[in-house]
Amino acid sequence: MKSKPSLEQAFCIVAILGIQDRKVPLHSHLVAERLGISTSYLKKVVQKLAGGGIVKTVSGREGGIVLARDPKQITLLDVFEAIETETPFVKSTGLVSKVFGFGKESTFTKTYALKDFENQRPVATVLAVFAEAEQQYRKQLATLSIGDILPTADNQPLQLDWTTWLTRHSAE
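The opening position of the sequence shown corresponds to residue 0 in numbering that gives the first Met the number 0, with each subsequent residue numbered one higher.
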């Protein structure tokens, strides 16, 4: 499985917003500059995050992007699914059954005069292995929240207005 580049960008956006003072929306142009992407591309990523209920946008002069929920309530799986969607990694098209003729074992065994033929469906089992791996992958992502990975100060979640830092360091 190969993830989209926007997945890493989404994690960075959510982490920045996780530290951002919740009362102060962060201007999208500052986030875009810090990530080194265009504001139009940032808007596409933010749209997906908003569709997943992770962020929301505030319009107006003092507007920007804010988290829609507490960082402790947003899992890595939430971000992953907002960007990558819930589409399975591997989806059966029915080709395995077509190629290997599952359901036609008696004809197969008669054609080749096979005695004691046991169809264990090993090829179909491969698809089940992929499905199980995906389930474990998603389960692991669900164990960690954005709040769990954010920096702290004095054992408290760090809360600040990134605007000052990003304005000073946007050229870096």
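Yeah, the Cβ is synthetic: ideal placement off N, Cα and C, and Gly gets one too.
So what does DSSP say about residue i, is it helix, strand or coil?
| i | result |
| --- | --- |
| Val57 | strand |
| Gly146 | helix |
| Pro4 | helix |
| Pro87 | coil |
| Leu76 | helix |
| Thr163 | helix |
| Gln155 | strand |
| Ala81 | helix |
| Lys175 | Nothing can be reported for residue 175, as the shown portion of the chain is limited to 0 through 171. |
| Thr106 | helix |
| Ala141 | coil |
| Thr124 | helix |
Quick one: give me the first and last residue of the beta strand (DSSP E) that residue i is part of.
| i | result |
| --- | --- |
| Gly63 | 63-66 |
Which two residues bound the contiguous alpha helix (DSSP H) that contains residue i?
| i | result |
| --- | --- |
| Arg21 | Run containing Arg21: none; DSSP gives neither H nor E here. |
| His28 | 27-34 |
| Ala49 | 38-50 |
Measuring CB to CB, does residue i end up less than 7 Å from residue j?
| i | j | result |
| --- | --- | --- |
| Lys43 | Ala49 | no |
| Leu25 | Trp161 | yes |
| Ile53 | Ala67 | yes |
| Gln158 | Asp69 | no |
| Ile15 | Ile73 | no |
| Leu75 | Leu140 | yes |
| Phe129 | Val98 | no |
From this set, the options, which residue's C-alpha is nearest residue i's C-alpha?
| i | options | result |
| --- | --- | --- |
| Val78 | Leu6, Val125, Arg68, Thr92 | Leu6 |
| Lys47 | Glu131, Ala14, Ala81 | Ala81 |
| Val45 | Gly59, Val65, Leu157, Arg60 | Val65 |
| Gly51 | Glu85, Thr92, Gly59, Ser58 | Glu85 |
| Leu149 | Gly93, Ile18, Thr92 | Ile18 |
| Thr127 | Arg167, Glu61, Ser91 | The sequence given here places Ala at residue 127; Thr does not occur at that position. If we check each option's Cα against that of Ala127, Ser91 comes out closest. |
| Arg167 | Leu29, Glu133, Pro4, Lys22 | Leu29 |
| Leu41 | Gly63, Gly59, Asp147, Val23 | Gly63 |
My guess is that residue i and residue j are in contact by the Cβ rule of under 8 Å, so how many angstroms apart are they, rounded?
| i | j | result |
| --- | --- | --- |
| Ser27 | Glu83 | So it is not a contact: roughly 22 Å between Cβ atoms. |
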